[in-house]
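K.L.:
My questions will all concern the structure given below.
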Amino acid sequence: MSAQRDTDGRIYRYRLHGLAFKGEGVHGAAATWIVTAPVARAVAVLERCQPADEPYLFAHPLKSANHQRHHVAGRVRTSATTIKDITALAKWINSYCAVHSRVDAIPEDKGRLPRLTPRQFRRTLAWFIAHRPGGTIAGALQYRHQRIQMFEGYAGTSDSGFRDEVEAEEAFARGQFLAEMGADDDRPALTGPAGAEAEARLAEFARHTVFDGQVVTDEARLRRIVARHDTHVYPGTFITCVYNPDRALCRSREASAGQPVMADCQPQACRNTALASANRQALADHLARLEDTLAAGDRLAPYVRHRLEEQHRATAAFLTRHTPEIAE
């Protein structure tokens with residue numbers, strides 16, 4: 003495990019180094035995963051459970067008979083033993099909750115604990131990435147999203163298959179969100195350079211997803227509709243991207259025209275930008291945070307203060323231009 007730090011010494015990225023065996027020989031191939039802080043802490047705990055010279059993260063406990071085996075297959079936890087470990091942990095959690103009258107036990111499924119397997123975790127992670135607050139353009143003003151960072155490592159390769167799972171879940175989550183927007187006749191209209199086009203695309207999408215004022219509830223059917231009638235509208239925290247590759251500032255000539263390049267989003271200059279009411283509120287909150295930071299002027303380096311002041315002026319002007327006037 004290694005950590006990358008900024009000029010102030012703050013960690014902004016964790017890298018997990020190891021070997022990938024899918025599609026490789028028995029010796030594997032060097033691979034790097036970009037992970038979050040909770041994963042880094044979990045790895046540190048596992049490392050402390052083993053001697054310093056132990057090369058395997060999921061080796062059997064030091065004093066167990068399995069630990070003494072010479073073959074790797076016998077020295078590390080297998081999928082089967084991992085399933086047993088997860089089940090044992092779930093039972094311990096529920097027993098602890100029962101003894102201490104806690105209500106946050108793991109819920110049962112048809113009278114028994116659900117059977118969890120390691121294979122489910124990747125799909126679960128893909129679901130949470132796709133359904134996180136803010137959607138695919140979340141944090142556009144920060145430019146470097148956690149999703150993008152994860153795909154810089156092995157998880158982003160075609161061999162891992164993880165990118166495909168995340169993108170499929172993102173498309174479905176986006177479709178659900180846009181279908182609900184299209185069904186809401188009382189919501190404020192989208193503003194911004196692409197506001198009118200966003201409304202037109204939402205209306206067309208609603209023709210396929212909304213019936214009698216209700217969004218299609220059958221998941222399989224909605225997935226088919228989303229795949230067939232993609233609006234190419236990407237809702238996010240600060241902006242809603244109404245993607246048109248010919249106008250996109252995020253797309254280089256070599257890049258695919260299929261979707262926006264989120265790492266290179268230029269929301270205040272791009273004509274693909276639209277603003278929903280939630281986007282306008284997020285920008286207003288961002289301005290308030292900038293003002294709080296600038297108020298601590300003595301603690302800011304001159305260059306940093308200048309850049310923050312520039313960002314504040316540009317964001318305030320952008321928000322003013324695209325906030326509808328309230329009728330008296």
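Be aware that the sequence shown starts at 3, since it is given in this note's numbering, and climbs by one per residue. Where is the CB? At the ideal position from N, CA and C, for every residue including glycine. Please read all numbers here as calculations on a predicted model, not as lab measurements.
#1: Among the residues of its own chain, which have a CB less than 6 angstroms from the CB of LEU321, if the five just before and after it don't count?
#2: According to DSSP, is CYS99 helix, strand or coil?
#3: Does the separation of the CB atoms of ALA61 and GLN52 fall below 8 angstroms?
#4: Kindly indicate which residue of THR219, MET183 and VAL105 has the alpha-carbon position closest to the one of TYR236.
#5: What three-state label does DSSP hand ARG12 in the structure shown?
#6: What residue range is occupied by the uninterrupted alpha helix (DSSP H) comprising ILE227?
#7: Please list, in chain order, all residues of the same chain as VAL78 whose beta carbon is under 8 angstroms from its beta carbon, the five residues on each side excluded.
#8: Are ILE95 and ILE85 closer than 8 angstroms when you measure CB to CB?
#9: Using a threshold of 7 angstroms, is the CB atom of LYS112 nearer than that to any non-hydrogen atom of the ligand COA?
#10: Check whether the Cβ atoms of THR325 and ARG282 lie closer than 8 angstroms to each other.
#11: Just checking my contact of ILE227 with VAL217 at CB under 8 angstroms: how many whole Å lie between their CB atoms?
#12: Could you tell me the boundaries of the beta strand (DSSP E) in which THR233 lies?
#13: To which residues of the same chain is LEU289 closer than 8 angstroms at the C-beta, ignoring the five residues directly before and after it?
#14: Between which residues of its own chain and TYR16 is the CB-CB distance below 6 angstroms, once the five residues before and five after are set aside?
#15: Ignore the nearest five residues each way along the sequence and tell me which others in PRO195's own chain have a CB closer than 6 angstroms to its CB.
#16: What does the alpha-carbon distance come out to for the pair ASP188 and ARG203?
#17: Determine the DSSP secondary structure at ARG309, reduced to helix, strand or coil.
P.N.:
The relevant details are as follows:
#1: LEU285
#2: Helix at CYS99.
#3: yes
#4: MET183
#5: Three-state DSSP puts ARG12 in coil, outside helix and strand.
#6: 221 to 230
#7: Result list for VAL78: TYR58, PHE60, ALA61 and HIS62, in chain order.
#8: Annotated as distal: ILE95 and ILE85, with beta-carbon spacing of 8 angstroms or more.
#9: Absence of the ligand COA is noted for the structure shown, with no ligands found whatsoever.
#10: yes
#11: ILE227 to VAL217, Cβ: 10 angstroms. No contact.
#12: In the DSSP annotation of this structure, THR233 is not part of any beta strand (DSSP E), being labelled neither H nor E.
#13: HIS314, THR317, ALA318 and LEU321, listed in sequence order.
#14: ALA5, VAL37 and ALA42
#15: ARG273 and THR275
#16: Distance from the CA atom of ASP188 to the CA atom of ARG203, rounded to whole angstroms, is 17 angstroms.
#17: helix
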